[in-house]
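Numbering (my numbering), first residue to last: 287 to 418. What follows is one structure encoded as structure tokens, with my remarks underneath.
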Amino acid sequence: MFLIKKYKHSQHAEDLALMLISQSGKIPPKSEMPKNGYILYSEGKPIAACFLRLVEGGFGQIDGLVADRYAPRELKQQAIDIAIEKCIDKARSLRIKNLLAFCQSERPTMTALSHGFVKLPHNCLALDTQKG
Numbered sequence: 287m288f289l290i291k292k293y294k295h296s297q298h299a300e301d302l303a304l305m306l307i308s309q310s311g312k313i314p315p316k317s318e319m320p321k322n323g324y325i326l327y328s329e330g331k332p333i334a335a336c337f338l339r340l341v342e343g344g345f346g347q348i349d350g351l352v353a354d355r356y357a358p359r360e361l362k363q364q365a366i367d368i369a370i371e372k373c374i375d376k377a378r379s380l381r382i383k384n385l386l387a388f389c390q391s392e393r394p395t396m397t398a399l400s401h402g403f404v405k406l407p408h409n410c411l412a413l414d415t416q417k418g
């Protein structure tokens, strides 16, 4: 049902951009893209992508989960689930001890919980070090 490709920026950047634009997201520069990721296609169209970012100390982060906003909900959810599982499998093969995921809304949170993630009692903070 899905064609699963290991993400290669030179081959898949346009397809990733299409999904990001459908979600009103910004397209990250190549230098900010994680090295490990997957993009899933159905009938030649990109449906979902997910990335595994490596973090120090044996940690990893599920990052950049994106889907085509206009894809049918069930198809999109199946693709998202497969993409996440591919990243989890990759993390295991790299002997990553723990995975983190940051979610802004309820649907991705519920998806993460369904894959075994747990909510932590911490606040998530960020600092843009490029701003004065």
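Note that beta-carbon positions come from the ideal geometry of N, C-alpha and C, so glycine has one too.
- Under the 10 Å beta carbon count, Phe388 is surrounded by fewer than 16 other beta carbons and is classified as exposed.
- Between Met396 and Val352, the C-beta spacing is not below 9 Å.
- The beta carbon of His408 is closer than 8 Å to none in its chain, skipping five residues each way along the sequence.
- As the crow flies, the alpha-carbon of Gln347 is around 19 Å from that of His295.
- At the C-beta level, Lys405 and Leu399 come within 9 Å of one another.
- Of the candidates Leu289, Lys292, Asp301, Leu380, the residue whose Cα lies closest to the Cα of Glu342 is Leu380.
- DSSP places Lys291 in the strand class (E or B) of the three-state scheme.
- Around the beta carbon of Arg378, a 10 Å sphere encloses fewer than 16 other beta carbons of the protein chains shown; the residue is thus reported as exposed.
- By DSSP's assignment, Val352 forms a beta bridge with Ala335.
- With respect to the 9 Å criterion, Ala299 and Ser328 are not classified as neighbours on the basis of their beta carbons.
- Restricting attention to His401, Ser310, Lys372, the CA atom closest to the CA of Arg355 is found in Ser310.
- Distance between Ala335 and Phe288, taken at the CA atoms: about 12 Å.
- Short of 6 Å from the beta carbon of Gly323, and not among the five residues preceding or following it, lie these beta carbons of its own chain, in chain order: Tyr293, Phe337.
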